[in-house]
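Numbering (this note's numbering), first residue to last: 109 to 433.
Just so it is clear, CB atoms sit at the ideal spot from N, CA and C, and this is done for glycine as well.
Worksheet: one structure, shown below.
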């Protein structure tokens, strides 16, 4: 529900001062009301990691041929657990920093937040009409939901003492992801044309646009409609090994080499591709039959790819990592 509300005010209404990904600060007062602590967030993250298969191997391969970074809207607690699980350096990760323990919550605010949580839980999930640009474009029942959520977050919670979280926590959302990419390429003394950016959601849109505008490579991996619309390549895959294949191809043959490979996507083109035998062998072991879907996003296939990718991402099952200690 809150994620859909985030889509509405960030992408449809484009409300000033709000960005995609700010959901993560909107839910914090509720987490506090239900007794969540930093320790509980760390423990929960470590025990409930669910990852796309072969992501550890894929990132390991990628780091052998180039620099790799994680830029995520997720809380720091989760990203630290993720980095431990996949042996990825946390210093190469950008994520949302929050110390929930430093905030206190008055009993009356806790009670009211629980009442509001119960109210939100009963609301119908917002469906965004195609082409919607204003609140008036929504059916009446969704318009009422949006208006009520506005009241809850901006007229009520924002005025609570715990509401200072809204001003003090800055999620790594759309703008921040693009800014993180800029910082990374400056540190590495590279240009955006040397960058391959893989994303899957609305928070990746600004980074996608920036990288693509400057000649870099943009890839939607099991992305939603926002990611597919902005990326140059759309991938639908059950595991992450394809990202390693495309990453090494990009490093060796630049963006045009990747586009050429995708245009001729087949077992034969992959078999003749001169990349690490280790990556290639593991990829073919995983895909002994049908290859994953990899297509260049064009005007004529965009709507189809959006439909297919949106459906596919719901069907993919990650692997539980759990109990990292």
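Between residue 322 and residue 300, the gap from beta carbon to beta carbon is short of 8 Å. Collapsing the DSSP output to three states places residue 304 in a strand.
In summary, residue 302 is buried, with 16 or more beta-carbon neighbours lying within 10 Å of its beta-carbon over all protein chains present. Rounded to the nearest whole angstrom, the C-alpha separation of residue 218 and residue 142 is 8 Å. By the criterion of at least three beta-carbon pairs nearer than 8 Å, the stretch 393-403 is in contact with the stretch 335-343.
In chain order, 133 and 206 place their CB closer than 6 Å to the CB of residue 277, counting only its own chain and leaving out the 5 sequence neighbours on each side. Under the 8 Å Cβ criterion, the stretch 276-294 counts as touching the stretch 117-136, having at least three qualifying pairs. Residue 407 holds the alpha-carbon nearest to the alpha-carbon of residue 338 among 127, 126 and 407. Rounded to whole angstroms, residue 354 and residue 220 show a C-alpha spacing of 50 Å. Inter-segment contact for the stretch 169-180 and the stretch 347-362 is present: three or more beta-carbon pairs are separated by less than 8 Å. Around the beta carbon of residue 198, fewer than 16 other beta carbons sit within 10 angstroms, so the residue counts as exposed.
In the three-state DSSP reduction, residue 233 falls in the coil class, being neither helix nor strand. Here residue 242 carries a coil assignment [DSSP, helix/strand/coil].
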